[in-house]
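According to my numbering, the sequence shown holds residues 959 to 1295 in order.
Just so you know, even glycine gets a beta-carbon here, dropped at the ideal spot from N, CA and C.
Since we're looking at a predicted model, the values are computed, not measured.
Okay, so here's the structure we're looking at.
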Amino acid sequence: PFKSSEHPEKEAEEHLARGRLEETIWALEAAVQRSSRDRDWPSHFAAWLALGRLYTDLNADTLALRCLNKAAAVGDAADDAAVAVGAQPPAPVRRNALLLRAICLLNEAESDTLAEVSACLELWLAAPGGGAPVAPDGSGSLEERIASWRVGSPAAGADAAVAHGLLHLLNQREEALQAFADALVAPADTTSAFGAPARMATKWNMLGAVLANRGRHAHALVAYEQALALQPHYPRALTNRGIALRESTDPAAAAASYAAALQLIPAWASPVIWTMLKQVVQEHPGSDGSLAEAVSQKSLARLRELLGPGLPKHPPDGTAAAAATALREIGRPFAGR
959 PFKSSEHPEK EAEEHLARGR LEETIWALEA AVQRSSRDRD WPSHFAAWLA
1009 LGRLYTDLNA DTLALRCLNK AAAVGDAADD AAVAVGAQPP APVRRNALLL
1059 RAICLLNEAE SDTLAEVSAC LELWLAAPGG GAPVAPDGSG SLEERIASWR
1109 VGSPAAGADA AVAHGLLHLL NQREEALQAF ADALVAPADT TSAFGAPARM
1159 ATKWNMLGAV LANRGRHAHA LVAYEQALAL QPHYPRALTN RGIALRESTD
1209 PAAAAASYAA ALQLIPAWAS PVIWTMLKQV VQEHPGSDGS LAEAVSQKSL
1259 ARLRELLGPG LPKHPPDGTA AAAATALREI GRPFAGR
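Rendered as structure tokens:
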């Protein structure tokens, strides 16, 4: 529907702001095609990056990885049309795509997750324009170089904290919590993957996921509510919130959160969440069976009628003061830093 659009990337932004995510995908696909046809390679790579980001928000990491490979011009999925004419992504696009790619590889690595994520982070660290110091003799492990950069330069920012957090996660260290919390309070940087204000919700969601993986579901919910206050149309955060609510023995709220995610995502992305919703309803069917019936019929309208909108009832206001309060509640700074 966007093939004839003169500016599909702008239409994508408008649909994204309204929570119309399938239309956003179509518009970004049109932006990829149009920019390739026009040989507008900077816009072409940027559209692939935006599409990859959207797929990560949809919890579709396999598709996200394919798009991010194209945005960074790496791997077998590097964009053939651009490569054929020797085009390369702009430096900020490539850096951001590589860092997002490293995150996707946490779930999508083919064999050795640590090795594949580390190799991607090596590319990210060496990419031009990022500000990371280059060791004159190439000495020091990847983690040592990132840690040294973070200590020695305020310019390291949110992206370096996220990269450090990934390595802590892969090595099952508690310091991952501190790194992802540090990313939240890093100086704004609109050219980086996670320093831009628009990515604040993503950072809250990542911190929530790390907390949930450590069994701290109440604190994870604090983080997810911050994410949804900033970005209500955020399927990944809604799904993660549903998981935490289920673990916190609040099945009705969990079902509502899953249903809210289903309201946003394309049908092709919905089977996993329908399964999660069905499981929680089977465990807690309610008094009259109406909820189970709505799930069996996959009636989103009826689910919304029964469960409500599925967002936090008393959301934080999204201000810096609210964020600081949330971090104190969660426990930053964390022990073991």
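Does residue i come within less than 7 Å of chain B when only Cβ atoms are used?
i     : result
A1217 : The structure shown contains no chain B, having only a single protein chain.
Closer than 8 Å by C-beta to residue i: which residues in its own chain qualify, once you throw out the five before and the five after it? Chain order, please.
i     : result
L1285 : A1139, L1142, V1143
G1153 : G1115, A1116, D1117, A1144, P1145, A1146, D1147
P1190 : G977, L1269
I1201 : A1170, A1212, M1234
By how many angstroms is the C-alpha of residue j removed from the C-alpha of residue i?
i     : j     : result
L1269 : A1039 : 42 Å
R976  : E1241 : 34 Å
A1293 : R1174 : In this predicted model, A1293 has a pLDDT of only 47, less than 50, meaning its place in the structure is not dependable; the value taken from the coordinates is given anyway. Their backbone Cα atoms lie some 15 Å apart in a straight line.
W1232 : G1098 : 47 Å
L1169 : A1176 : 9 Å
R978  : R1199 : 20 Å
R1131 : P1091 : 25 Å
V990  : I1104 : 33 Å
P1274 : A1156 : 17 Å
G1266 : D1070 : 43 Å
L1179 : I1288 : 10 Å
K1271 : W984  : 32 Å
L1127 : E980  : 32 Å
S1245 : I1223 : 29 Å
P1047 : L1235 : 40 Å
R1295 : E1133 : Since pLDDT at R1295 reaches only 40, below the 50 mark, its modelled position is unreliable, and no value is offered.
N1017 : S1228 : 10 Å
P1000 : A1113 : 25 Å
R992  : L974  : 19 Å
A1121 : V1032 : 19 Å
F1003 : L1264 : 43 Å
L1007 : D1015 : 13 Å
Q1237 : K1028 : 37 Å
L1083 : A1259 : 47 Å
A988  : D996  : 12 Å
A1077 : A1280 : 37 Å
A1005 : R1172 : 35 Å
Between which two residues does the alpha helix (DSSP H) carrying residue i extend?
i     : result
P1050 : 1049-1066
S1106 : 1100-1110
H984  : Reading off the sequence, residue 984 comes out as Trp, not His. Here the alpha helix (DSSP H) through W984 covers 979-995.
T1283 : 1278-1288
Y1013 : 999-1015
T1020 : 1019-1030
K1271 : Note, K1271: premise wrong, no alpha helix (DSSP H); not H, not E.
S911  : Because the chain is modelled from 959 through 1295, residue 911 falls outside the range shown and cannot be assessed.
E967  : 966-975
L1070 : At residue 1070 the sequence reads Asp, which differs from the Leu that was named. No alpha helix (DSSP H) holds D1070; DSSP gives it neither H nor E.
W1162 : 1158-1171
N1226 : With the sequence shown as reference, residue 1226 is identified as Trp, and Asn is not the correct amino acid for it. Unbroken run through W1226: none, as it is neither H nor E.
F1138 : 1133-1142
Q1184 : 1175-1188
G1244 : From DSSP, G1244 is part of no alpha helix (DSSP H); its letter is neither H nor E.
V1041 : 1038-1042
G1153 : Careful: G1153 lies outside any alpha helix (DSSP H) and carries neither H nor E.
H1126 : 1115-1128
Could you name the residues of the same chain whose beta carbon sits closer than 6 Å to that of residue i, not counting the 5 residues immediately before and after it, in chain order?
i     : result
L1026 : G1010, A1055, L1058, R1059
A1067 : E1074
N1065 : D1019
L1021 : Y1013
L1261 : A1217, A1252
L1196 : S1215, A1218, A1219
C1299 : Limits of the chain in this structure are 959 at one end and 1295 at the other, which puts residue 1299 out of reach.
G1088 : R1053
M1164 : F1138
S1206 : H1175
L1081 : L1056
Counting only the same chain and skipping the five closest in sequence on each side, list residues whose C-beta sits under 7 Å from that of residue i.
i     : result
V1239 : A1213, L1249, A1250, V1253
A1118 : I1104, W1107, R1108
A1278 : none
P1086 : A1049
E1101 : L1125
Q. Are the segment 1243-1258 and the segment 1107-1116 touching by the rule of at least three beta carbon pairs closer than 8 Å?
A. no
Q) Does the segment 1208-1215 touch the segment 961-969, meaning 3 or more C-beta pairs lie closer than 8 Å? A) no
Q: Would you check if the segment 1174-1188 and the segment 1144-1160 touch, i.e. whether three or more CB-CB distances between them fall below 8 Å?
A: yes
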